[in-house]
Every structure is written in C-alpha cells, then in structure tokens.
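Take a look at the structure below.
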Amino acid sequence: MDSSDDDMPLAGSRKPNGVTSPLSSVKIPSKVDAALDRQNPTNGDILPGISMANGDVKVEDTPMTGTNGNLTNGALAKRKARESNTRPSYAEAESSDDDQPLIKKRRTTTAVESDSDDTPLLAKAKANGKSVQKPPRASAAQIGESSDSDVPLGKKLAKEKQKIEKAAEKEAKQIRSKEVKKEADKPTKKATPAKKVKKEESSDDDKPLAKRASAVTTKKTKSESSTPAKKPTSKAKAVKKEETVDPEDEEDDDEDVKWWEDPTKGDGTNKWETLEHNGVVFPPPYEPLPKNVKLKYDGIPVNLHPEAEEVATFFGSMLNSTHNVENPTFQKNFFTDFTEYLKKTGGATDKDGNKVDIKEFAKLDFRAIFEHYDAQREAKKALPAAEKKAIKAAKDAAEAPYMYCIWDGKKQKVGNFRVEPPGLFRGRGEHPKTGKVKTRVMPEQITINIGKEATVPVPPEGHKWKAVKHDREGTWLAMWQENINGNYKYVMLAASSDVKGQSDYKKFEKARELKKHIDRIRKDYRKDLKSELMADRQKATAMYLIDQFALRAGNEKGEDEAETVGCCSLKYEHITLRAPCTVIFDFLGKDSIRFHEEFEVDPQVFKNLKIFKKAPKKESDDIFDRLTTTQLNNHLKSYMPGLTAKVFRTYNASFTMSKLLTEMKSEGTIPEKIKDYNDANRKVAILCNHKRTVAASHAGQMEKLGDRLKGVKYQQWRIKQMMLDLDPKLKKKKGAEYFELPDDLDEAWIMEHQAYLVEEQKTKITKKFEKENEKLKEEGQKPMKHSELEERLQAAKDLEKKYKKENKTKKVEAEGKSPSLEKLEENIKKLDQRIANMEIQAEDRENNKEVALGTSKINYIDPRLTVVFSKKFDVPIEKFFSKTLREKFEWAIKSVHENWTF
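Numbered per UniProt numbering, the sequence shown spans residues 1 to 902.
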C-alpha cells in the first residue's frame, strides 16, 4: 500500500508473546480503492447476505493451528465432517460407518479453487499436501423452495432478503413519522392537562418498545406498541381483583397477575427487596468400587486411593460414549489429570502392595469398571414400577425445600439448585480442555445471596460457606467458580419464573425497538464502507458482518482458554478471499464450535477485507486492528440504549419470521401446517445465517423413522391381502398393482419385521403381567402364578405361527370380528393418512438436519410469533412448545392474538 505521512502505520500492537504486530494505516488513499476496482471488477448483480453453504469443510486429521486458530497445549482438534449434502439411505444403513466412533469415520477432501492472493487456508493445505473442500450447498428442499425454477436458489433467497430489508426500512420511517406527528400534536392540548399528559403519556412515547405497556386484553391494532402505559396497569389490577373472588389463597392470586401488561415493573436497579431460600443440593459422596472390581494396567489389577479411583470411574463409567472416550484430546487431558491424582495420592499398587508405575494410557483397561456401572444402570431400569416411584418420591421430598424461593414475598421456582457433580469435562465443539477432571465443588467455594432478614441456609456439617451476600441488584441465589475454565456458575430462578420471563420479554422488546432505527444504522454503515478513515471503514465492515451474517462482536464474555473468536477478534488466517466477492470464514466461535461458512458479500466489503489483509500483515495479525469490541458496542449504543450485536440476531430472525407469517396461507392437516411453520423457521435460519452441525444421531434417527414407516406400509399391505381373502375378484376390479408389495419392502425385511412384532408382543404381555402382580402385592393380595404368564404368552406364539403360515401360503386371512370390505377399506384410508404424515415428518426432519430449529425458535424468534401462527392457523401450541417452554413463554401465549405483529 502506498503511504504518505498520514498513511504510515503506527508502531503496532503488542501480542501476548511480546511480538509487535503492524497496524493498518490511518487513512486509505483513493488510489488504493481505484486500483482494487480495476483488479476485481464486478457487474453489479451481486446480492450479498446469504450463505448457501452448510457446514464445515472436510479435511484430513491435522492440528488446527496456524491456518485457523491455535489451540492451547498443542491439542489436536479434529475437524468434523458434516454429511449435509447426502440423504441417508435406509437400504444401505448396514454398510454405513455410523456405528463407528467419530474419530475413525472416513474423511474426504476436495480443493477450493481460488484466484486470490489472500488464501492462507488454500496455500497451507496445498503446501502440506492436503486438500480443502468448501461447505456443501443447501438444497431447495431444505429451504422450502421448489427446485424447478430457472432462478438460482441463492439469488432467489438473496432477493427475498433484500425485499425484507426494504420493508424494514419503510417500516422504520413510518414508526418515526408517527412519533413526530404525536409530538407535534401535544402542544395543542389545554395547558393544565398538557402537563399531566406530558408526565405520563409523552414519557411512554419516548420510551423504547421494551418499556411500553401492551393492552393485551383489549382490541389491538398493528400499532399497539403506542398504547399508553396507564391503561394496561389498571387492567392488570382488574385481573387481580377478579382473582380475589376465587376461593384460592392469595399466593395463587399473585401468580396469576399478568406482569407483562406492566413491563415497567421491576426496571429499577434493585431486583428484589426480600429474598429467602434454602441454598443448594450437593451430589452424594463417592462410593468406592467393590473389592473385586479393579482398574487394570497392562493386564494387572491395581489398587488406588479412593480419590484417584473416583477419577478412574469417571472415564470407566462412560466407555459407551465413544464420541468422547475415543477422542485423542479427551484421552490426553484425562490421562494428564489422572496421573496428577496418582502422584498426589501415592500411586497404584498390585495385590501384593508392589508399586505399579502407570505411564501409558493405552495400557489402561477400564472394562471391569464399565461393566460394574452398566450392571447398576440395568438393575435400576429393571426395578419394579412401584419401587421406582418410591425412590423418586423420596428424592423429590428431599429436594422439595430447595425447589422454591420466596422472592419479594412471592413463591418462585428455582432452576438449577443442584451443584454439578464431579466428572470429566465434555465441552462443545472442538474444546481443547475436553476430558479434564471437573473437581467436586465444596461449600467453602460457594457464595450465598440472600435477604438480610432471612435465615442463612446451613452448610453441610463440618463446612462453611465461602461468603454470604445481600446483593439486591443480582438475580442469583448462589454461585461458585468451576476449575476447568474459571467460569462462575450461578443458581438462578427457573425459566418459568416472573424474573426470567421479564428478562425474555425485554430481550424481544429490545429487538422490536431496533425496528425504529435499523434503516439509519444500515444507511450509515453502508456509507462508511467507503470512508477514507481506516477506523471508520473497519467499524462499518464489522457492522455489515454482524448485521448480515449474525457474527458475534467478539469477546462478549471475555477471553477464555478455548481462544474463541468473534468479529472484532478475527485474525488474518480466519478469512479466505475468492474473487469476485466470496469470503470463506474459518474459526472457532462461541463454545468452541467451528464456524466455517462461505458468503457472497458486497463488492465494497470484499475490497475492504482485502485492504485489511494487506502486507505487511500476516498470520495471527488482527483483521480489525483499529477496532475493539468496546468501541463497537459504544457505537451501537449511540443509536439506541442497550443495542448490542446480539440484538441484531434477534431482530433479523423475528422480523423475517414476522414478514413470512404475513404472507403465509397454511392449509391442510396439522402435520402439514407444522411443516409450513418449520419451513418458515428454516428459511429464517438460512436468511439469518443460523445453522448447526448435523447431529451424530441423525442418520440413526432417520433409519428408525424409516423402519416405522415401512412397518405401517406392511400393515396396510396385509389389510389389502385380507380384502382379497374376502373377495378374490377385487384383484381384477382394482388392478393387480394395488395389491402389490411396496417397492421398499422385501422378503428379508418382512421376516425381520415379523420377528420384531412377535418379540414386541411378548414384551408387552410380560410387562403388563408384572405390573398387575405389583399392584396385587401392594393391595396385599396373592400374586398370579407364572403359569398365567405362559398362558398369556400363547398369543405371541399364535402370532408367530400365523406369520409362518402366511409366508408359506402367500395368503393373509381376514382378521377381527365379522370383517368386511368396508371396514378394511376404512382402515386403509386411515393408514394412508398416517403414511402421509410420517413421510412429511421424515422430509421435515431431513431438511432440518442443518438447522437448529429449536435454538432459533426459543432464542431468536419472538415466541409471540409462534403463538400468532398457532392461533391464526388453529394448531395447538403444544405442537411447538413443550410443557417447560409453555411455562417459560406463558407471557407470550397469554398476551397476543392472531393479528399481533412484531
């Protein structure tokens, strides 16, 4: 880059290792922009903002260092392979490698083509003899689009996103125009009332949407957010007054108060005035292994100190979790910690007391430990229902005092009141500390938060709390610091509590408030994408990436050991540029989940990133070296209070869903309507770039669903054969094809399925017999004899004989009392609908494998929009929200009608 005095790099910033990295120039000369335009001309047809690529690249096992983020302690991070462009084949399920541990699964590679000189990923891969494959493309079916259009899917979605952004710009201007009109109308009122109105109503107009009151029980309009705060407050009181007529006690009255009608409540600094609770529940102490159960080293059973033995059981008890225990990083971290415990506790000895020096992980044999714990698990499963019920009742009774707290005189449910038991840290994604020992949390590590007048919970005998606080600004009840990452763990109220509900409500109202400012924000950052000042251009480019691609700002929760990355902390090696306008991101994001996505960007953004990577910058240097997270957040807050990068994700998802809902005409059966909702949810995820890695269990789940579908088809085929048994002439009337075996069923599968049905019937009969016997014992009566069970099992034996006869004669005799063609045809129709529903469910699940619909629905899409869909298209809300979520989003379910808009 040419430079004048103004353009000279500053001294540079110092890295953790003491090396000084170069800073970008203060200003960008116009000739640099012009030169880049000549190098990389565009035709102006690019509509940026969509990632059609789903998932991670596939590469051979390599340390994730140098090219895409360094991992601490030289830990190897194996790169996941996402099978996103292939549909599982049930017929070929047996030959797949799904039952293998992830670390042993096959990996394929293909090179990324690029004509850019800014491709460190490609260069390094080629230099090491490795090839890199860009993520597979999303299919039309996954996004709910038809695949027969002449318009490329990516371009179609990009145009749709552009249309939504224009709608957002128009709506923002309308909101501000209405507010200006209201302000202009105020002075025309009489002098005395004017002061009163100014004090009450005008203050409401000046508040963000999050702080306005919603008149939910009265008729609403699309501009309901302008309803004065005073009206719903009185309405809330009316509701409370009606409830007092009910004979229920006052505590129940309080729980039915609709706090969301008065969202200004609780906005002060102090979150509570009085707080009482009973502390936390500690996990049970370690129970040593029986003397005949030993860890083996090189074939020799060894004796361990209980503390070291407990650590060995952490690993031994989870041998069935191959994803973890066969991960080299997991093994290495566990063994490092385990050997430390051995040193601390005196090591291992054989049966004669001779010292056994444990040096190699590969020589450890945990099978006896696993078999011991597996037998305990199986024994627990096999317990009679009455005994299981009694154990659960005793556990619930012991934990009952901890399940609720008294918050400002009101009973509130506590969320995670149990202290985490010790074990091995799993982590998410490619976490470098996976496998390390999570130590037992002691009372001396726990700080209690409680009211001054309340009785402090008594710690376990012989122990004391670390501290007791009376922090009325905090919503936590207890906290401690865990040993893996040094993070603080908090005991909070349950998701269904008022406090949590208000937090969610404010979060989505904050996103609604962004509607008013989004057009100005986008206009400003697009203008600054061409700014002469490097700092302004970097800030505008970061804003673009956060808004368009849902990138996090970076360092939102502080630096951690996993070296996770956000927008402001992107390094030189985290992005690869491919002309004309494609950017490939590859870094460890939140929770150490690898973010590897490919986007088409605005030509000016592509040019800016090229400038930000200009020499003398190199690997490990910051892309945004003149921008910090603090500076970016301060800039965001200049548009509206409390605006952060996260609000953009919530706003974009909710606003997009809202627009899709206004255009939606969902018809048909309940499963078809649910699929329509999921298609919209999935499209939101694609448009807003919220995706996930395909779950390891996906193929297995699809195979099970496929088998269930085949089972129903087989059942229907048998009924058709029964029709022929009643009237053989039907074959001519309906045609032979109607009675043929479905293509996806064959003789081998039928034999296997019949054996499964016989075994299933035996299991059902046995379980019912045992349950009835348990009931007889409880009532003090004599239990039935085993001969009764044998007699009942005859039905399963008869079924087995029936299948054998059918297979031999190739005929199915009509079943049931007085069978008729009408009854059989009615059953076929019912099964037709059931098959259609299951096929919709299978297609829906397959299309959703790349998209975390649950995360999107719960965290990013305003739950009130789901309620609107439920009411508008008459689908039970239970189909979208579980019981837990219905409690969490009670405020959303009860506060809107079908015409509510985001």
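Ideal Cβ placement from N, Cα and C applies to all residues, glycine included.
Here M640 has P208, E513, L514, K516, H517 as same chain residues with Cβ atoms under 8 angstroms from its own Cβ, once five neighbours each way along the sequence are excluded. Between G299 and D365, the C-beta gap is smaller than 9 angstroms, which places the two residues in contact.
The DSSP-derived three-state label of R578 is strand. For N449, the enclosing beta strand (DSSP E) starts and ends at 447–449. Rounded to whole angstroms, the gap between the alpha carbons of E791 and S818 is 26 angstroms.
Residue pairing from DSSP leaves Y544 without any beta-bridge partner.
Restricting attention to alpha helix (DSSP H) runs no shorter than 4 residues, the segment 475–561 encloses them at 498–514, 518–528, 534–549, ordered along the chain. Short of 6 angstroms from the beta carbon of D727, and not among the five residues preceding or following it, lies no beta carbon of its own chain. In this chain, the beta strand (DSSP E) harbouring R594 covers 594–600. Taking C-alpha positions only, P29 is separated from N633 by approximately 28 angstroms.
In the assembly as shown, S856 is a buried residue. Its beta-carbon has 16 or more other beta-carbons within 10 Å. Here DSSP, grouped into helix, strand and coil, assigns W891 to helix. DSSP places Y639 in the coil class of the three-state scheme, outside both helix and strand.
Just measuring C-alpha positions, the residue of F869, G554, D547, V32 sitting nearest S666 is F869. Ranked by how close their Cα comes to the Cα of T582, the residues C568, L588, Y572, V601 have V601 in first place. Rounded to the nearest angstrom, the Cβ distance from H305 to G353 is 13 angstroms, too far for a contact under 8 angstroms. Of all C-beta pairs linking the segment 410–419 to the segment 312–322, fewer than three are shorter than 8 angstroms, placing the two stretches out of contact. Contact between the segment 528–543 and the segment 175–186 is absent, with fewer than three C-beta pairs closer than 8 angstroms. When secondary structure is reduced to three states using DSSP, Q412 falls in the strand class.
Pairing F873 with M318, the inter-Cα distance amounts to about 46 angstroms.
In the three-state DSSP reduction, Y297 falls in the strand class (E or B). Every alpha helix (DSSP H) stretch that sits fully inside the segment 725–796 and reaches 4 residues is listed by chain position as 730–734, 747–778, 786–792. Sixteen is the threshold: when 16 or more other Cβ atoms of the shown chains lie within 10 Å of the Cβ of E165, as they do, the residue is buried. At the C-beta level, N678 and L545 stay beyond 9 angstroms of one another. Burial check for L383: the Cβ neighbour count within 10 Å stays below 16, so the residue is exposed.
The residue from E825, A755, N485, F338 with its alpha-carbon nearest to that of L799 is A755.
Collapsing the DSSP output to three states places V441 in coil. Annotated three-state conformation of Y404 is strand, per DSSP.
Taking a cut-off of 8 angstroms for Cβ pairs, the segment 772–780 and the segment 737–754 do not touch, as fewer than three such pairs fall below it. Apart from the 5 residues on each side of it in sequence, P443 sits with its Cβ closer than 8 angstroms to the Cβ of F282, P459, P460, H463, K464, W465, K466 in its chain, given in chain order.
E878 is the residue among W407, E878, E160 whose C-alpha sits nearest the C-alpha of I670. Contact annotation: I369 and Y297 have beta-carbon atoms that are not nearer than 9 angstroms. Counting the other CB atoms within 10 Å of its CB gives A400 a total below 16, which places it among the exposed residues. Look at E461 here: in three-state DSSP terms it is coil, with no helix or strand label.
Remark: C-beta atoms of P288 and K294 do not approach each other more closely than 9 angstroms. In the DSSP assignment, the residues bridged to K355 are T349.
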